[in-house]
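Participant: Sending over a structure as structure tokens; questions will come in a sec.
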Amino acid sequence: MCIRVRGLVKRVAALSDRCAAPEGEDDPPNEGSVALASRVESRLSRFALSAAPAIELLLAIEPVWTTAAAAFVYLSALGIVGGYTPVGLAAAALPFAARWAYRGYVSHRTPLDLPILLLMLAGLVGIYGASDKGLAWRVYETLLASVLFYYSVVNYHKPRLLLRFGLLIAAVAAIVVGGYVFLQSPTIPSSPTSLPFFSQLQSWISPHPQSSPAGWSSPPLAFNATGATIVVEVVAMLLAGVALFPGRRADRVAAGIGTLLLLGVLVISTSNAAWAVLAVGAILLLGCRSRWLLASVPALGGIVLWSVSARINRSLGPALDMVADKIEFRWHRWDSVWQMIADSPVAGVGLGEYPAAYVAYPPEDMTFDLAHNAYLQCYSDFGLLGVIALIVAAAVLLRLGLQVARAPRDDPWKGIAVGACAAVLVAAVYSMVESAPAAILGMGEGSYDYAISPLFAVVGATLVVAHRGLLGRGAGPGMKGTSNGAET
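My numbering puts the first residue of the sequence shown at 2, with every later residue one more than the last.
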């Protein structure tokens, strides 16, 4: 700490020296300027010394601080709490100012810098093209909150500690929120299944249903049940990676228990695609762990087919026909979305404008508020530049995934890195049939609230941190390096 405080004081002294420097080489120093600079240096140095403990505390709890600030931005943008999104953004940016003052840099470069920059520029274009500028700015603020969260995670100086406790908190949150949401979905006939245990749980919860915030026509969690399903699957992939690969025994046991609990939560999921998408991620995990484990793929396929037929209480043939009907339904919907995008192929329809713009395009008896495809949702929000950002991000993530696959199997970072790759794959597959990975929608009476999903920031940050640890690279200027997964 003393070394860092001295560095901060030196930067203050250098700043004061520049203020007192004469304008020309032959000009004598101005005594008044020198005296003023000396007083300024003295006061700033005292302030730096007194503020150092607070700055160090802020940087120590940076991920928690930034997560809380970003959550406040989202709750404000969605109209659940008072609309003070600038306050949340300022709070989320505070650790970056503290890092510059304390360590001499704001952030270090990451593999996803370019796609993030392109997406932010595309968001500005989307604001320009939006008819409701106020809504578009609120949506853009949620994007900024996600970006600040991403850089807060990748800049944290104790990555192993961060991922360990982050996964624990994420698992508990996914189990509690996912279970609560799925058991609160009595409107879906096949949910939560007819098993007595889940029926009893639902009877305990149903007398106290979720309340709707002012202006919302339905409870936020129930309205975004598909998003909860994706979160459960993403966290399950991360934990499964930790459980399958070599590492601390306690971590592997805890991760295995968490994975099983999350799979139990998925039993009552309202998503027909839950198990099929999960199987895709599981195949990647098993293939990276051992090629012999791929022999279990037929068993996974059997579980998927059984789950599809069991959830809707039909035999396998009619169950598959029902799935085919859902795909055909989405196909017709996507055709309408393409017509909407074709009218504005460069700029998109405007940031957050999809629910309002789609009213003029849906076919008969098909009025929904999201595209049921995250890629089309992204195109409509961010336009062509957003699609380019998406393609660049996909190329970067593919490169990181290949490097993770080639890394030694016994590296302590291998499990979480492969789990992050599987989580990215799960999110990418889900994005083909759902909009939840791209957007959060809150419907009100005659209006709506809209936000950019933070999923890309969470999964991307996890993969970048794990990839850095796996390759044994230093985390950047002022950060602790890693070697073979161990912090030094």
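Cβ coordinates follow ideal geometry from the N, Cα and C atoms, glycine included.
For residue 238, which residues in the same chain have their Cβ closer than 6 Å to its Cβ, ignoring the five residues on either side in sequence?
Facilitator: So the qualifying residues of the chain are 282, 420, 423, 424, 427.
Participant: Evaluate the contact criterion for the segment 127–136 versus the segment 102–117: three or more CB pairs, one atom per stretch, below 8 Å.
Facilitator: Touching, no.
Participant: If you count every other CB in all the chains shown that lies within 10 Å of the CB of residue 378, and 16 or more means buried, which is it?
Facilitator: It is buried - the Cβ of residue 378 has at least 16 other Cβ atoms within 10 Å.
Participant: So residue 443 and residue 450 are in contact, right, with Cβ under 8 Å, and what is the actual spacing, rounded?
Facilitator: Their Cβ separation, rounded to whole angstroms, is 4 Å, which keeps residue 443 and residue 450 in contact under 8 Å.
Participant: If you run the structure through DSSP and keep just helix, strand and coil, what is residue 525?
Facilitator: No statement about residue 525 is possible, as the shown extent of the chain runs from 2 to 489 and does not include it.
Participant: What's the gap between the Cα of residue 164 and the Cα of residue 174?
Facilitator: Taking the straight line from one Cα to the other gives about 15 Å.
Participant: What first and last residue would you give for the beta strand (DSSP E) that runs through residue 452?
Facilitator: 449–453 is the extent of the beta strand (DSSP E) around residue 452.
Participant: Taking only runs of the alpha helix (DSSP H) that begin and end inside the segment 133–170, which ones reach a length of at least 4 residues, in chain order?
Facilitator: Within the segment 133–170, the complete alpha helix (DSSP H) runs of at least 4 residues are 134–155.
Participant: Just to confirm the assignment: which complete beta strand (DSSP E) runs, minimum length 3, are found wholly within the segment 241–270?
Facilitator: Qualifying beta strand (DSSP E) stretches: none in this window.
Participant: Which residues mark the beginning and the end of the alpha helix (DSSP H) in which residue 1 is found?
Facilitator: This structure cannot speak to residue 1, because the chain is shown only from 2 to 489.
Participant: Please work out which residues of its chain come closer than 7 Å, Cβ to Cβ, to residue 244, disregarding the five sequence neighbours upstream and downstream, and give them in chain order.
Facilitator: Result list for residue 244: 253, 256, 257, 260, in chain order.
Participant: Report yes if the C-beta distance between residue 439 and residue 448 is below 9 Å; otherwise report no.
Facilitator: No, the pair does not count as a contact, with Cβ atoms beyond the cut-off.
Participant: Taking the alpha carbon of residue 242 as the point to measure from, which residue in 92, 176, 289 has its own alpha carbon closest?
Facilitator: Here the closest residue by C-alpha is 289.
Participant: Would you kindly work out how many angstroms separate the C-alpha atoms of residue 285 and residue 389, rounded to a whole number?
Facilitator: If I take the Cα positions, the gap works out to 26 Å.
Participant: Under 9 Å, do residue 249 and residue 413 count as touching if we go by C-beta distance?
Facilitator: Yes, Cβ-Cβ distance for residue 249 and residue 413 is below 9 Å.
Participant: Could you tell me whether the Cβ atoms of residue 358 and residue 347 are closer together than 9 Å?
Facilitator: Not closer than 9 Å, so no.
Participant: Sort 124, 386, 100, 71 by Cα distance to residue 455 and report the nearest one.
Facilitator: Closest option to residue 455, Cα to Cα, is 71.
Participant: In angstroms, rounded to a whole number, what distance separates the CA positions of residue 168 and residue 469?
Facilitator: The straight-line gap from Cα to Cα measures roughly 17 Å.
Participant: With a cut-off of 8 Å on the beta carbons, I'd call residue 387 and residue 123 a contact; round off their distance for me.
Facilitator: The Cβ separation is near 4 Å, so the contact holds.
Participant: Indicate whether residue 246 and residue 407 have their beta-carbon atoms separated by less than 9 Å.
Facilitator: No.
Participant: Leaving out the 5 sequence neighbours to the left and right, which residues in its chain are closer than 7 Å to residue 108 when beta-carbon positions are compared?
Facilitator: Here the set comprises 97, 152, 156.
Participant: Please return the same chain residues whose Cβ sits closer than 8 Å to the Cβ of residue 373, not counting the five positions on each side in sequence.
Facilitator: Around residue 373: 331, 334, 335, 434, 435, 436.
Participant: Give the straight-line distance between the Cα atoms of residue 479 and residue 342, rounded to the nearest whole angstrom.
Facilitator: Any reading at residue 479 is ruled out, since the residue's pLDDT is 37, under 50, leaving its predicted position unreliable.
Participant: Can you look up residue 473 in the DSSP assignment and give me helix, strand or coil?
Facilitator: If DSSP states are grouped into helix, strand and coil, residue 473 belongs with coil.
Participant: Distance, Cα to Cα, residue 105 vs residue 465?
Facilitator: When rounded, the distance between both Cα atoms is 22 Å.
Participant: Report the residue ranges of all alpha helix (DSSP H) runs contained in full by the segment 333–386; include only those spanning at least 4 residues, in chain order.
Facilitator: Fully enclosed alpha helix (DSSP H) runs of 4 or longer: 355–358.
Participant: What number of angstroms, rounded off, separates the C-alpha of residue 441 from the C-alpha of residue 452?
Facilitator: Their backbone Cα atoms lie some 5 Å apart in a straight line.
Participant: What distance in whole Å lies between the Cβ atoms of residue 117 and residue 148, which are believed to be in contact at a cut-off of 8 Å?
Facilitator: The Cβ separation is near 6 Å, so the contact holds.
Participant: Just how far apart, CA to CA, sit residue 57 and residue 100?
Facilitator: Near 9 Å, if we compare the C-alpha coordinates of residue 100 and residue 57.
Participant: Measuring CA to CA, which of 400, 170, 66 is closest to residue 233?
Facilitator: Checking every option, the nearest Cα to that of residue 233 belongs to 170.
Participant: Report buried or exposed for residue 89, applying the criterion of at least 16 other Cβ atoms within 10 angstroms of its Cβ.
Facilitator: Its Cβ being crowded by 16 or more others within 10 Å, residue 89 is buried.
Participant: For residue 471 and residue 400, what's the separation of their Cα atoms in angstroms?
Facilitator: So the alpha carbons of these two residues sit roughly 14 Å apart.
Participant: Can the beta-carbon of residue 183 be found less than 9 Å from the beta-carbon of residue 226?
Facilitator: Contact: yes.
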